[in-house]
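**Q**
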Amino acid sequence: MGLLLAVAIGVIVVAAAARSRAAARRVDTWTCGIAPKPAFQYTATSYSKPIRLFFRRILVPEREVRVEYHPGTAFPSSIRYRSEITLLLEDRILRPAHRLGISGADVARKLQGGAIQLYVAYIVIAVLALLIWAR
Amino acid sequence: MSGSDVATTVFLTQLQLVTFLVFAPFLAATIRITKARLQSRRGPGVLQPYRDLAKWWGKLPVESNASGPVARYAPAFMLGAIVTAALLVPGAAARAPLAGWGDLLVVVGLFATARFAIALAALDSGSAFGGMGSSRDVAISALAEPGLVLALAGVAVAAGSTDLGTISAFGIIHGVGLLGPAHLLAAAAFGIVIIAETGHYPVDNPETHLELTMVHEGMLLEASGRSLATLVFASELKLVVLAALFSAAFFPFGAATEMAPGPIALGLVVGLGKMLVIGQGLALIDATIAKARIMAMPDFLGLASLLALTGLGIRVLMP
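Taken in sequence, the protein lines are chains A and B. For the first sequence, the residue numbers in our numbering are 1 to 135. For the second sequence, the residue numbers in our numbering are 136 to 454.
(1) Note down the Cα distance separating alanine 378 of chain B from alanine 249 of chain B, rounded to an integer number of angstroms.
(2) How is isoleucine 79 of chain A classed by DSSP in three states: helix, strand or coil?
(3) Would a C-beta distance cut-off of 9 Å place valine 242 of chain B and valine 218 of chain B closer than the cut-off?
(4) Please report whether the beta-carbon of proline 76 of chain A lies at a distance below 9 Å from any beta-carbon of chain B.
(5) Please confirm whether glutamate 357 of chain B and serine 260 of chain B have their CB atoms less than 9 Å apart.
(6) Of all the CB atoms in chain A, is at least one closer than 9 Å to the CB of serine 303 of chain B?
(7) For valine 60 of chain A, decide whether its Cβ has a neighbour in chain B, counting only Cβ atoms nearer than 9 Å.
(8) Under 9 Å, Cβ to Cβ, is there at least one residue of chain B near alanine 35 of chain A?
(9) Using CA atoms only, rank isn't needed, just tell me which of B:Leu345, B:Leu363, B:Ala286 and B:Ala431 is closest to alanine 317 of chain B.
(10) Considering only C-alpha positions, which residue in the set B:Ile424, B:Gly326, B:Gly289 and B:Leu152 is nearest to leucine 214 of chain B?
(11) Identify the contact partners of methionine 430 of chain B in chain A, using a Cβ-Cβ distance below 7 Å as the criterion.
(12) With DSSP run on the structure shown, which of helix, strand or coil describes arginine 428 of chain B?
(13) Are three or more beta carbon pairs between the stretch 365–376 of chain B and the stretch 160–168 of chain B nearer than 8 Å?
(14) Helix, strand or coil: which one does DSSP assign to alanine 391 of chain B?
(15) Three or more beta-carbon pairs under 8 Å between the stretch 287–300 of chain B and the stretch 395–407 of chain B, yes or no?
(16) Can you list the residues of chain A that asparagine 200 of chain B reaches, using a CB-CB cut of under 9 Å?
(17) State the start and end residues of the unbroken alpha helix (DSSP H) segment that holds tyrosine 185 of chain B.
(18) For the pair the stretch 418–433 of chain B and the stretch 260–270 of chain B, tell me if three or more CB-CB distances fall below 8 Å.
(19) Compare the beta carbon distance of glycine 300 of chain B and alanine 395 of chain B with 9 Å and say whether it is the shorter of the two.
(20) Using alpha carbons as the reference points, say which of B:Ile413, B:Gly306, B:Phe385 and B:Leu380 lies closest to alanine 220 of chain B.
(21) Let me make sure I understand the geometry here. Which of B:Leu363, B:Ser362, B:Val338 and B:Leu444 has the alpha-carbon closest to that of methionine 430 of chain B?
(22) Quick check on serine 46 of chain A - is its C-beta less than 9 Å from some C-beta in chain B?
(23) If the cut-off is 9 Å on Cβ atoms, which residues from the stretch 234–247 of chain B count as contacting chain C, listed in chain order?
(24) Hey, how far is the Cα of arginine 26 of chain A from the Cα of methionine 267 of chain B?
(25) Taking Cβ to Cβ, would you say phenylalanine 155 of chain B is nearer than 9 Å to glycine 226 of chain B?
(26) Would proline 71 of chain A pass as an interface residue toward chain B - the criterion being a Cβ-Cβ separation below 9 Å?
(27) From threonine 169 of chain B to leucine 411 of chain B, what does the alpha carbon distance come to, in whole angstroms?
(28) Taking only three categories from DSSP, how would you classify valine 197 of chain B?
(29) Please identify the residue among A:Ser103, A:Cys32, A:Ile58 and A:Gly33 whose C-alpha is closest to the C-alpha of arginine 92 of chain A.
(30) Can you find at least 3 beta carbon pairs, one from the stretch 343–352 of chain B and one from the stretch 193–207 of chain B, that sit closer than 8 Å?
(31) Determine the direct distance from the alpha carbon of leucine 442 of chain B to that of proline 320 of chain B, and round the result to whole angstroms.
(32) Name, please, each residue of chain A whose Cβ falls closer than 9 Å to the Cβ of valine 197 of chain B.
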């Protein structure tokens with residue numbers, strides 16, 4: 001609590017000192033001479049780009065950039081961007097496990113067809129196998 | 136807490152506050168001067184950082200139309216967090232001025248708080264440069280933080296406490312015997328973290344304004360006037376606090392163990408001397424190696440985590 005208080009007091013003192021001058025001059029953000037647009041801002045995806053690059057072995061990021069040009073020029077008419085990461089737990093562990101479980105259940109359903117004769121056959125085969133093994 | 140304890144706390148807090156705040160721009164100046172000399176330049180005078188701060192403090196600020204209260208209050212918030220961290224780290228004595236108010240994990244948390252504030256402020260103006268610097272800084276610190284915490288965990292395990300004063304006192308009692316392999320590995324890891332946290336080569340170039348490479352500077356681009364002065368001063372102070380944390384945790388020799396004028400004065404001089412040595416080390420690295428690509432950061436900072444983890448492993452498995 002005391003610590004929070006100390007931080008709060010420091011912030012108030014410095015903020016008050018920093019605001020004691022006349023109001024700031026307000027201008028557009030410098031964007032290299034172009035009028036600034038909201039699209040220039042960093043999005044959540046671009047913000048996390050370095051992390052995706054650093055951990056690319058784990059995240060395996062994928063990206064696709066498709067550019068269409070105005071015919072005969074170097075000016076793009078449309079740019080499509082798609083990016084995706086591999087979700088380690090979901091794509092590499094949970095989905096394969098789920099697939100394995102389903103195919104295992106498929107096999108089990110074929111074995112357990114519901115015909116009593118089939119079950120008797122299984123028992124006969126099992127008994128024979130045991131007799132041979134225990135001989 | 137007895138009366139003399141309160142008096143000690145008040146005295147050490149005042150002493151540390153004044154010396155650290157006054158010393159921070161000086162340390163930045165010595166680094167710049169050495170770097171310039173090593174590059175055959177004359178370099179700025181010792182007073183240049185003070186003059187810069189005074190100049191910015193006196194200027195009328197220019198704010199972005201897009202920015203709001205976050206950019207306005209974040210610099211003060213950042214400085215507040217760093218100053219608080221400064222008072223939780225032992226300086227002249229083997230006891231933090233605000234001992235008992237927070238341990239090393241609180242100091243690490245306050246650094247993270249300060250970074251959060253400046254990262255938000257950089258985004259507030261809506262400039263791509265601010266976003267770029269902010270995004271890179273946060274990513275780099277995400278890699279550096281494990282090294283920082285693991286290196287400090289090593290000394291905390293040895294001392295049996297996360298209280299920095301206890302760690303310092305433990306180090307002083309053990310003397311040179313403290314400097315075993317585990318200790319030195321953790322110290323090396325912490326050294327790498329200091330480089331990354333304060334934006335020196337090969338992680339960041341503290342003097343660049345080239346948009347492709349800047350990390351910390353990118354976050355300051357839209358700041359001006361008193362906001363800029365506050366942010367730059369907070370960064371200079373952060374180096375002082377990290378250097379103090381480094382000496383308190385790894386090389387606490389010279390710090391006063393008793394509260395008498397003589398030992399405290401000696402501890403203060405030795406402490407500031409150690410900071411100057413750390414600063415000269417940073418300047419030497421700055422002047423002699425090239426900046427690495429940002430893609431090399433996982434290797435460089437992974438090395439810090441690995442060294443710290445090895446040190447911690449040695450400490451736990453072979454006590």
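The beta-carbon is built from N, C-alpha and C at its ideal position, and this holds for glycine as well.
**A** Quick answer:
(1) 17 Å
(2) strand
(3) no
(4) no
(5) yes
(6) no
(7) no
(8) no
(9) B:Ala286
(10) B:Leu152
(11) Leu53
(12) coil
(13) yes
(14) strand
(15) no
(16) Arg26, Val27, Asp28, Thr29 and Pro36
(17) 183–193
(18) no
(19) no
(20) B:Leu380
(21) B:Val338
(22) yes
(23) You won't find chain C in this structure, because its protein chains are A and B.
(24) 23 Å
(25) yes
(26) no
(27) 11 Å
(28) strand
(29) A:Ile58
(30) no
(31) As written in the sequence, residue 320 of chain B is leucine, which differs from the proline given in the question. Near 5 Å, if we compare the C-alpha coordinates of leucine 442 of chain B and leucine 320 of chain B.
(32) Ala24, Arg25, Arg26 and Val27
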